[in-house]
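Student: Taken in sequence, the protein lines are chains W and B.
In terms of our numbering, the first sequence opens at residue 1 and continues consecutively.
In terms of our numbering, the second sequence opens at residue 1 and continues consecutively.
C-beta: ideal position from N, C-alpha, C; glycine also.
The structure under discussion is supplied below as structure tokens; questions concerning it will follow.
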Amino acid sequence: MAEYRRLSINEVGDVTVVRFRDQKILDDLNIQELGRELSRLVEVENRKSLLLNFSSVQFLSSAALGKLITLDKKVKAANGVLKLCDIQPEIYEVFAITKLNRLFDIKEDEADALAAF
Amino acid sequence: MPESRWIWQSEHLIPSRDGAGRKVRREVLRQLKRQHWDQHDTFSIRLALEEALVNAIKHGNALDATKQVRVRCRMSDDLIQIEVVDEGNGFDPESIPDPTNGERREMPDGRGVMLMRRFMDRVEFNDKGNGVLLEKQRTRLPQ
């Protein structure tokens, strides 16, 4: 498995559970690297079932949302499934305001999300 | 508001490169913490400041190393104002399409101004469109 600087990867059954190493997803270079690593999961490693666990994330900006949207498109193009979970209230508010809570399948916690694959 | 109401003021000129806003960001967060602003207000201000800095550095000044971004902050017991001005040509904030509409929702960018407006109480662009004033009223004073 390739090394990831911005992500931590676990496999639970067929699902790849992705956690973020940064508590604050900030700064363009970091976000670009995050985007490349997320893309690699789908385009290089051909992972079809992805769960992004946000439990460690305290802050993200709109640039990071852009990377999630790009990932969503890549997962859909590969006929995969993407879910998000454990999003803290303030960050969920960002998803709700931008109506991205309707684009993404967001679950309360990891157990809920894993059960829904 | 009389000048004496401000309990903290600062001004920074920052270069137009990625991560250059870190020092301002840290300073604003330190002041919010010192004055016991709550978690949601702090998140809101941090997000709006981040979006304004990215807009100024990346879009306004187009990462041009010869251009700078001026950031002025001031805080009273119950209000914070942050002004971010770049050296770019400016833009018309009203021309930005609603990022939640139809296919726009699946575009990876174009949400910064909307988030600033939703998380702050007042967001005003100058006439040229190269500067923005962000203002937030404190939700709760500490007990």
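Among residues of its own chain, excluding the 5 on either side of LEU79 (chain B), which ones have a beta-carbon nearer than 6 Å to its beta-carbon?
Tutor: Correct list, in chain order: GLN137.
Student: With distances taken between CB atoms, is the gap from VAL75 (chain W) to LEU51 (chain W) smaller than 8 Å?
Tutor: The answer is no: Cβ separation not under 8 Å.
Student: For ASP77 (chain B) versus ARG140 (chain B), is the C-beta spacing smaller than 8 Å?
Tutor: No, they are not a contact pair.
Student: Among W:ASP86, W:GLU45, W:ASP27 and W:TYR4, which residue has its Cα nearest to the Cα of ILE57 (chain B)?
Tutor: Residue W:ASP27 is the option with its Cα nearest to ILE57 (chain B).
Student: To be precise: take each residue of the segment 60 to 77 of chain W, compare its Cβ to all Cβ atoms of chain B, and keep it if any distance is under 9 Å. Which residues remain?
Tutor: Within the segment 60 to 77 of chain W, the qualifying residues are LEU60, SER61, SER62, ALA63, LEU65, GLY66, LYS67, LEU68, ILE69, THR70, ASP72 and LYS73.
Student: Of all the beta strand (DSSP E) runs that stay within the bounds of the segment 32 to 114 of chain W, which reach a length of 3 or more residues?
Tutor: For the segment 32 to 114 of chain W, whole beta strand (DSSP E) runs of length 3 or above, ordered along the chain, are 49 to 53, 81 to 85 and 105 to 107.
Student: Could you tell me the boundaries of the beta strand (DSSP E) in which GLN9 (chain B) lies?
Tutor: Taken as a continuous stretch (DSSP letters only), the beta strand (DSSP E) holding GLN9 (chain B) covers 8 to 15.
Student: Which class does LYS128 (chain B) belong to by DSSP, given the choice of helix, strand or coil?
Tutor: If DSSP states are grouped into helix, strand and coil, LYS128 (chain B) belongs with coil.
Student: Could you check where the alpha helix (DSSP H) with SER44 (chain B) kicks off and where it finishes?
Tutor: Its alpha helix (DSSP H) spans residues 39 to 54.
Student: Any idea what DSSP makes of ARG72 (chain B), helix, strand or coil?
Tutor: In the structure shown, ARG72 (chain B) sits in a strand (DSSP, three-state: E or B).
Student: If you run the structure through DSSP and keep just helix, strand and coil, what is GLN23 (chain W)?
Tutor: GLN23 (chain W) falls in the coil class under three-state DSSP.
Student: Here's the rule: buried if 16 or more other CB atoms are within 10 angstroms of the residue's CB, otherwise exposed. What is ALA52 (chain B)?
Tutor: When all chains shown are included, ALA52 (chain B) counts as buried.
Student: Would you mind giving the Cβ-Cβ distance between ASP86 (chain B) and ASN130 (chain B), rounded to the nearest angstrom? I have them listed as a contact below 8 Å.
Tutor: Yes, ASP86 (chain B) and ASN130 (chain B) are in contact; Cβ-Cβ is about 5 Å, under 8 Å.
Student: Does LEU29 (chain W) pass the burial test, meaning 16 or more other C-beta atoms within 10 Å, or should it be called exposed?
Tutor: Exposed is the call here.
Student: Pull up the DSSP beta-bridge partners for LYS136 (chain B), would you.
Tutor: DSSP output for LYS136 (chain B) lists B:ILE80 as bridge partner(s).
Student: What is the C-beta distance between ALA64 (chain W) and ILE106 (chain W), in whole angstroms, given that I count them as a contact (C-beta under 8 Å)?
Tutor: Not confirmed; about 15 Å, so no contact.
Student: Starting from HIS40 (chain B), find everything on chain W with Cβ-Cβ shorter than 7 Å and list it in chain order.
Tutor: Correct list: GLU90.
Student: Let me make sure I understand the geometry here. Which of W:VAL44, W:ASP112, W:ASN53 and W:GLU93 has the alpha-carbon closest to that of PHE43 (chain B)?
Tutor: Here the closest residue by C-alpha is W:GLU93.
Student: Which residues of chain W have a Cβ atom closer than 7 Å to the Cβ of ASP18 (chain B), listed in chain order?
Tutor: Chain W residues near ASP18 (chain B): ASP27, ASP28 and LEU29.
Student: Against chain B, which members of the segment 89 to 113 of chain W pass a CB distance test of less than 9 Å?
Tutor: Taking 9 Å as the Cβ-Cβ cut-off against chain B, the residues of the segment 89 to 113 of chain W that qualify are PRO89, GLU90, ILE91, GLU93, VAL94, ILE97, THR98, LYS99, LEU100, ARG102 and LEU103.
Student: If distances are taken between C-alpha atoms only, which option among W:GLU108, W:LEU68, W:LEU82 and W:ASP112 comes closest to ASP109 (chain B)?
Tutor: Looking at the Cα atoms, W:LEU68 is the closest of the given residues.
Student: Which residues in chain W have a C-beta closer than 8 Å to the C-beta of PHE43 (chain B)? List them in chain order.
Tutor: The contacting residues are PHE59 and GLU90.
Student: Output the boundary residues of the alpha helix (DSSP H) element that contains GLU27 (chain B).
Tutor: Counting along the chain, the alpha helix (DSSP H) containing GLU27 (chain B) begins and ends at 22 to 34.
Student: Name, please, each residue of chain W whose Cβ falls closer than 8 Å to the Cβ of ARG46 (chain B).
Tutor: Neighbours of ARG46 (chain B) on chain W, chain order: PHE59.
Student: Looking only at its own chain, which residues have a Cβ that is under 7 Å from the Cβ of ASP22 (chain W), when we skip the five neighbours before and after it?
Tutor: Excluding sequence neighbours, ASP22 (chain W) sits near ARG6 and ASN30.
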